[in-house]
Amino acid sequence: MKASNKQGRNTAQAIRQQRGIGMIEVLVTLFILSVGLLGVASLQFIGSFSNADALNRTQAVFIAQQFGERLSANAIPSDITDGFVVDNTYFDEDIYNFENLSCVGGGLPYDCYCKTHPVSVPNCQTGDCTASQLAEFDAHQMSCATVMTNPNARISLQCSQDKDLGDTDLCTAGSIHEVIISWPAKNWQNNNKVKNAACNASTGDDNDCVVVEVAL
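For the sequence shown, the residue numbers in numbering that gives the first Met the number 0 are 0 to 215.
Following this line, the structure appears as structure tokens:
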């Protein structure tokens, strides 16, 4: 009888021990599962961050290439040297990014300046334009394309290594035209990205950018 009681106590004790071990296993499993889910969530967040950056870059490349095609289509023979040039108005910074326009009521740039064609900007789709007016029209069209998906993006046109600084052409025939589209850079976990000097040449801002070179 004593042996039977002792065996019963041992069995009960073993059951209690098994129950304790089972609970620990459950807690460990839950902990591992929680860490795994946090890891998955983190990867998804990083993935969305990377996807947004890739979308901005892809869209910028497309717009810059489109602007390059417009420059090539609107180039005229130079009066000074052999080759082709674009009208000097293309290099007026004020015709880009809606600098000379005002928005009544606020809102996103595309809603303000692009849904309705501004009266002060020549509309070369409905009438004939001079070379200077065509430059203003192109600048407005490309500025609208730039902010359509990225309201903080900006577009500019620069002449790289002008072959003759003494002539009247702001970008002498044979020089490289640079279409630059930039937007504020986003850093992940305070890790600063390596800056592209072309994106921040004239400002102290931390920008990402796309630079497309165009030879006429």
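Heads up, the beta-carbon is just placed ideally off N, CA and C, and yes, glycines get one too.
Run of the beta strand (DSSP E) containing A214, from where it starts to where it stops: N206 to A214
Residue burial classification, E177 (beta-carbon count within 10 angstroms, cutoff 16): buried
Per-residue DSSP class, three states only, for I75: Strand at I75.
N206 and S181 closer than 8 angstroms at C-beta: In this structure, S181 lies closer than 8 angstroms to N206 by Cβ.
Assigned secondary structure, K1 (DSSP; H/G/I helix, E/B strand, else coil): For K1, the predicted model reports a pLDDT of 49, less than 50, meaning its position is unreliable; a value from the coordinates is still stated below. Under the three-state reduction of DSSP, K1 is assigned to helix.
6 angstroms Cβ shell around T171 - same chain, five flanking residues per side excluded: D161, K162 and D163
Local conformation of E226 per DSSP, three classes: Absent from the model: residue 226. The displayed extent of the chain is 0 to 215, so no value can be given.
Touching by the beta-carbon criterion (3+ pairs, under 8 angstroms), the segment 48 to 66 and the segment 106 to 113: no
Same chain, Cβ closer than 7 angstroms to V209, neighbours up to 5 away in sequence not counted: Sequence-distant Cβ neighbours of V209 in its own chain, meaning closer than 7 angstroms and more than five residues away, are R56, A59, V60, A63 and I180.
Touch test, the segment 118 to 128 against the segment 82 to 89, Cβ-Cβ under 8 angstroms, three pairs minimum: no
Spatial neighbours of V146 in its chain, beta-carbon cut-off 7 angstroms, leaving aside the 5 residues before and after: A distance below 7 angstroms between beta-carbons, with the five flanking residues on each side excluded, links V146 to the following residues of its chain, in chain order: P108, Y109 and A152.
According to DSSP, residues forming a beta bridge with F83: P76
Distance between beta carbons of I175 and S159, contact taken as under 8 angstroms: 4 angstroms
Integer Cβ distance of F90 from L169, believed to fall under 8 angstroms: 5 angstroms
Closest by C-alpha distance to H139, when choosing among V103, G106, T88 and G165: T88
Other residues of its chain near C128: CB distance less than 8 angstroms, five sequence neighbours each side excluded: P121 and F136
Opposing strand residues paired with S155 [DSSP bridges]: I179
DSSP three-state assignment for T88, whether helix, strand or coil: helix
Among L133, A184, Q132 and Q157, nearest to V213 - alpha-carbon criterion: Q157
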